[in-house]
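K.L.:
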Ligand code: NAD
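Numbering (this note's numbering), first residue to last: 29 to 354.
Here's what the structure looks like:
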């Protein structure tokens with residue numbers, strides 16, 4: 029199979045690309061992969077096995093229609109990870125989010141139609157639902173995004189869906205909870221806290237630390253995305269949830285323990301504007317229809333992540349100019 033992966037030099041896209049090349053997912057043995065990536069501050073060629081005989085890297089922007097018309101034909105699937113992905117950056121400047129996450133998605137869907145390439149898998153997020161005080165969202169719940177990031181992801185989803193209804197493009201949408209794992213940019217909560225604590229620096233905890241998120245190991249997320257790519261249904265949406273719901277305070281406590289640090293290194297900082305209090309997914313559809321079960325428990329996965337950042341300072345030290353976040 030020939031797969032075009034957008035955003036494949038970023039955190040999740042690179043894990044997915046390596047998984048494809050290693051034949052980790054059923055049906056991916058011998059896969060040929062084209063990674064299309066703009067290499068923004070979040071893209072990093074060091075995340076990829078550059079030089080692998082079945083990997084082709086194309087440096088480019090998903091809003092560049094001519095490039096897409098050249099590169100897309102001949103692929104058996106497009107798995108679309110490319111995005112501006114950091115909520116804090118969307119609060120200080122939302123235009124790039126609209127440009128890449130909505131306009132870029134429309135451009136890709138459009139060229140998928142004209143080039144006859146599908147399925148088109150749009151990798152979305154649980155953040156499109158907004159915030160939920162109790163219970164959990166299933167895929168039929170309304171979208172009520174609260175940050176410009178989440179709104180732009182919801183806009184991309186709606187655009188993709190419209191290409192399914194209007195043009196018959198085989199579009200499949202996934203909505204996953206927070207990911208963690210090696211190679212995640214140090215601007216995101218877990219790597220930010222791990223790298224700061226490992227080097228003896230304080231960490232900023234938003235508000236009262238009571239915001240609740242579900243956590244999914246990136247390798248489990250990628251396995252689920254691949255299942256949707258090979259076995260999902262056109263027009264369907266799949267929640268991908270891990271059942272590990274923790275407050276930011278609870279995540280911080282675990283990181284502190286693993287880094288041999290202590291609570292005195294935590295600084296409470298004013299809450300993020302529009303900060304969603306709680307996310308919770310009902311992920312029964314992907315479990316019942318596609319048989320997806322996450323394999324990596326949070327405590328085991330987090331310990332691996334701390335070890336990875338401890339062992340790989342040469343990867344993360346150059347990224348440290350990113351603004352602090354949670
Ligand atoms: P990331 O920021 O690490 O990587 C994004 C990649 O997209 C980078 O390599 C960047 O260079 C590339 N890119 C950005 N704009 C581009 C453009 N215009 N054209 C081509 N490439 C471009 O993001 P991530 O954390 O790996 O997230 C990947 C996808 O998964 C995103 O769509 C995100 O919304 C979604 N998602 C992320 C999480 C999470 O916790 N990280 C959870 C659920 C869903």
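Heads up, the beta-carbon is just placed ideally off N, CA and C, and yes, glycines get one too.
Taking only runs of the alpha helix (DSSP H) that begin and end inside the segment 308 to 351, which ones reach a length of at least 4 residues, in chain order?
P.N.:
312 to 318, 326 to 339, 341 to 344
K.L.:
Closer than 7 Å: is that where the CB of residue 209 sits relative to any heavy atom of ligand 1?
P.N.:
no
K.L.:
Measuring only the C-alpha atoms, how far is residue 428 from residue 213?
P.N.:
Because the chain is modelled from 29 through 354, residue 428 falls outside the range shown and cannot be assessed.
K.L.:
I'd like the ranges of any alpha helix (DSSP H) spanning at least 4 consecutive residues and lying wholly in the segment 80 to 151.
P.N.:
93 to 99, 115 to 120, 133 to 143
K.L.:
Have a look at 50, 53, 68, 84 and flag the residue whose alpha-carbon is nearest the alpha-carbon of residue 33.
P.N.:
84
K.L.:
Taking residue 252 as the reference, which of 152, 220, 281 has the closest Cα?
P.N.:
152
K.L.:
Using three-state DSSP, classify residue 224 as helix, strand or coil.
P.N.:
helix
K.L.:
Would you list the one or two residues that DSSP bridges to residue 192?
P.N.:
Bridge partners of residue 192: none, in fact.
K.L.:
Using a Cβ-based criterion (distance less than 7 Å to any ligand heavy atom), does residue 128 qualify as near ligand 1?
P.N.:
yes
K.L.:
Taking only heavy atoms of ligand 1 into account, decide whether any of them is closer than 7 Å to the Cβ of residue 90.
P.N.:
yes
K.L.:
Roughly how many whole angstroms lie between the Cα atoms of residue 351 and residue 215?
P.N.:
For residue 351, the pLDDT reaches just 47, beneath the cut-off of 50, and the residue's location in the model is therefore unreliable, although a value from the coordinates is still provided. In a straight line, the C-alpha of residue 351 is about 7 Å away from that of residue 215.
K.L.:
How far does the alpha helix (DSSP H) with residue 202 in it reach, from first residue to last?
P.N.:
Per DSSP, residue 202 is not a residue of any alpha helix (DSSP H); the beta strand (DSSP E) it occupies stretches across 199 to 204.
K.L.:
Less than 8 Å between the CB atoms is what I'm expecting for residue 270 and residue 219, so what's the real figure, rounded?
P.N.:
Going by Cβ atoms, the distance from residue 270 to residue 219 rounds to 18 Å, so no, they are not a contact pair.
K.L.:
Give the secondary structure of residue 65 by DSSP, where H, G and I count as helix, E and B as strand, and everything else as coil.
P.N.:
strand
K.L.:
Can you tell me whether residue 194 is buried or exposed, with buried defined as 16 or more other CB within 10 angstroms of its CB?
P.N.:
exposed
K.L.:
So what's residue 60 in DSSP terms, helix, strand or just coil?
P.N.:
strand
K.L.:
Just mark residue 265 as buried or exposed, buried being the case when its beta carbon has 16 or more other beta carbons within 10 Å.
P.N.:
buried
K.L.:
If you draw a straight line from the alpha carbon of residue 188 to that of residue 95, how long is it in whole angstroms?
P.N.:
19 Å
K.L.:
Check whether the Cβ atoms of residue 43 and residue 313 sit closer than 8 Å, and answer yes or no.
P.N.:
No; because the gap between Cβ atoms is not below 8 Å, this pair is not in contact.
K.L.:
Excluding the 5 residues flanking residue 347 on each side, which residues of the same chain have their C-beta closer than 7 Å to its C-beta?
P.N.:
213, 214
K.L.:
Under a three-way DSSP split, which group does residue 286 fall into?
P.N.:
helix
K.L.:
For the alpha helix (DSSP H) containing residue 44, list its first residue and its last residue.
P.N.:
39 to 49
K.L.:
For residue 33, which of helix, strand or coil comes out of DSSP?
P.N.:
strand
K.L.:
Can you look up residue 233 in the DSSP assignment and give me helix, strand or coil?
P.N.:
strand
K.L.:
State the CB to CB distance for the pair residue 295 and residue 231, rounded to an integer number of angstroms; the pair is presumed to be in contact (CB under 8 Å).
P.N.:
7 Å
K.L.:
Return the CA-CA distance between residue 139 and residue 99, expressed in angstroms with no decimal places.
P.N.:
10 Å
K.L.:
Rounded to whole angstroms, what is the Cα-Cα separation between residue 29 and residue 102?
P.N.:
10 Å
K.L.:
Tell me which same chain residues have a C-beta within less than 7 Å of the C-beta of residue 291, skipping the five on either side of it?
P.N.:
284
K.L.:
CA-CA distance, residue 79 and residue 123?
P.N.:
Straight-line Cα distance between these residues: approximately 34 Å.
K.L.:
For the beta strand (DSSP E) that residue 265 lies in, which residues bound it at each end?
P.N.:
265 to 268
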